[in-house]
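In my numbering, each number is its position in the sequence shown, counted from 1, plus 29.
Backbone N, C-alpha and C define an ideal beta-carbon position, used for all residues, glycine too.
Below is one structure, written out as structure tokens, with a few remarks after it.
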Amino acid sequence: MSKYVKNLIAGHLRERLDGVDAALLVNVIGLDANANNHLRAELQSKDINLMVIKNSLAARATEGTALSPMFVGLNGTAAICWGSEDVVSLAKEVSRLAGEEQYEAFEPRGGVMDGEPLTAEQVAAVSKWPTRTEQLSILLGQILSPGANLSGQLIGPGSALASQIEQRGEDDEDDEGGEKEGQEGQED
30 MSKYVKNLIA
40 GHLRERLDGV
50 DAALLVNVIG
60 LDANANNHLR
70 AELQSKDINL
80 MVIKNSLAAR
90 ATEGTALSPM
100 FVGLNGTAAI
110 CWGSEDVVSL
120 AKEVSRLAGE
130 EQYEAFEPRG
140 GVMDGEPLTA
150 EQVAAVSKWP
160 TRTEQLSILL
170 GQILSPGANL
180 SGQLIGPGSA
190 LASQIEQRGE
200 DDEDDEGGEK
210 EGQEGQED
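What follows is the structure, given as structure tokens:
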């Protein structure tokens, strides 16, 4: 391949990966054509891109970006996965698919997150983290919890007092009703 063609391909890869700051390397060697197509369709339905790339061209295309540590010392064939809501969602989906029997050759090989390279074991660990949505719901619960506790503490005594007043009012009505019936019986 001529240097001109390599530069064209590297430029195209650079454009496709523009703005991507986290990605995973996966192995797709060993998948038959049907499994490969099903895998790509499943990934695409989750807004995850999968691209088989030549290591030297990928290293050239990602030079100076957050993805460049992913290709340092990379040997063998690799495919890059990127997309999804965040890197945790990406790792969860890749790990889930790697565990399925029909995609047994598909496995994570590493990746990059926040400019730091990840090993396959670290990808498995990241897949167990809460996703961005889950983290936001946990944070929201922690923010709202003190207010909910305070509200319950303020409303609790007032509610108890209102219940006691209501009960006392009902008791008074019963006493008055009983006296009137007794008086009516005496008059007859």
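- Residues of the same chain with a CB within less than 7 Å of the CB of L96, apart from the 5 flanking positions on each side, are L46, V49, A52, V141 in chain order.
- S113 is a Cβ neighbour of D76, given a cutoff of 8 Å.
- Nearest to L119 by C-alpha distance, out of L79, L42, A191, is L79.
- For the alpha helix (DSSP H) assignment, the stretch 89-120 encloses no uninterrupted run of at least 4 residues.
- According to DSSP, residue pairing for A177 in a beta bridge does not occur.
- Rounded to the nearest whole angstrom, the C-alpha separation of E71 and E122 is 10 Å.
- Rounded to the nearest angstrom, the gap between the Cα atoms of L179 and I194 is 23 Å.
- In this structure, A108 is the residue among P98, R161, R89, A108 with its C-alpha nearest to the C-alpha of R69.
- The C-alpha of A127 lies about 47 Å from the C-alpha of G181.
- Taking every protein chain shown into account, the CB of V57 has 16 or more other CB atoms within 10 angstroms, so this residue is buried.
- For P98, the CB contacts under 6 Å within the same chain, skipping 5 residues up- and downstream, are V141, P146 in chain order.
- Leaving aside the five residues that flank W158 on each side, the residues in its chain whose CB is nearer than 7 Å to its CB run, in chain order, V117.
- Distances from the alpha-carbon of E133 to those of D115, Y33, V55, G170 put V55 closest.
- If you check the CB distance, G139 and A154 do not come in under 8 Å.
- Counting C-beta atoms within 10 angstroms of its own C-beta, E136 has 16 or more neighbours from the protein chains shown and is therefore classed as buried.
- The secondary-structure analysis by DSSP pairs G140 across a beta bridge with L53, L147.
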